[in-house]
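Undergrad: Have a look at this one before I ask anything.
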Amino acid sequence: MKNRVTGLGGFFFKTKNPDAIKKWYNNHLGLNTDQYGCTFWWKDKEGKDCSTQWSPMNQDTDYYEPSKSSFMMNFRVENLVELIAVLKEEGVTIVGEIQEFEYGKFGWILDPDGNKIELWEPIDAAFL
């Protein structure tokens, strides 16, 4: 498989008060925050619109399970179904099943330290 990860899709982290931390980052660093955090827009090498998400989440979220980490990375990928199949063959721990939404497909794996990694085959146009 030629291209596995094509970019950083997002960084998600746990915090005691997501609204307060979003306000702090808005006030002090100028992040254009909304209910989800902040979306950074950029263009890929073909000039297509792409996004990267920064999202503080409530510290009691179970979205990162089975990981015990206080963060989760999201990587952009080109062909999630093929990549998950290859990773499974390579012995990588797959978490759950692929899920599809209007903004893309998602799959999850664990790295050797037990950190949950979200893999996203994006449909950036859904956010425009």
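According to the UniProt record's numbering, the residues represented by the sequence shown are 1 to 128, in order.
A virtual CB, placed ideally from N, CA and C, is assigned to each residue, including glycine.
(1) Which full runs of the beta strand (DSSP E) of 3+ residues lie inside the stretch 72-113, going along the chain?
(2) Under the assumption that proline 56 contacts threonine 6 (Cβ atoms under 8 angstroms), give the Cβ distance between them as a whole number of angstroms.
(3) Using only the alpha-carbon positions, how far apart do phenylalanine 13 and methionine 72 sit?
(4) In whole angstroms, what is the alpha-carbon distance linking tryptophan 42 and alanine 126?
(5) Is the stretch 80-93 close to the stretch 102-116, with three or more CB pairs under 8 angstroms?
(6) In whole angstroms, what is the alpha-carbon distance linking leucine 29 and glycine 91?
(7) Can you give the Cα-Cα distance for asparagine 17 and glutamate 118, rounded to whole angstroms?
(8) Please tell me whether cysteine 50 and aspartate 44 are closer than 7 angstroms, where the distance is taken between their beta carbons.
TA: Straight from the coordinates:
(1) Uninterrupted beta strand (DSSP E) stretches at least 3 residues long and entirely within the stretch 72-113 occur at 93-101 and 104-110, given in chain order.
(2) 25 angstroms between Cβ atoms; not a contact.
(3) So the alpha carbons of these two residues sit roughly 6 angstroms apart.
(4) Between tryptophan 42 and alanine 126, the C-alpha separation is close to 15 angstroms.
(5) Inter-segment contact for the stretch 80-93 and the stretch 102-116 is present: three or more beta-carbon pairs are separated by less than 8 angstroms.
(6) Looking at the backbone, the Cα of leucine 29 and that of glycine 91 are separated by about 41 angstroms.
(7) If I take the Cα positions, the gap works out to 23 angstroms.
(8) Yes. Within cutoff.
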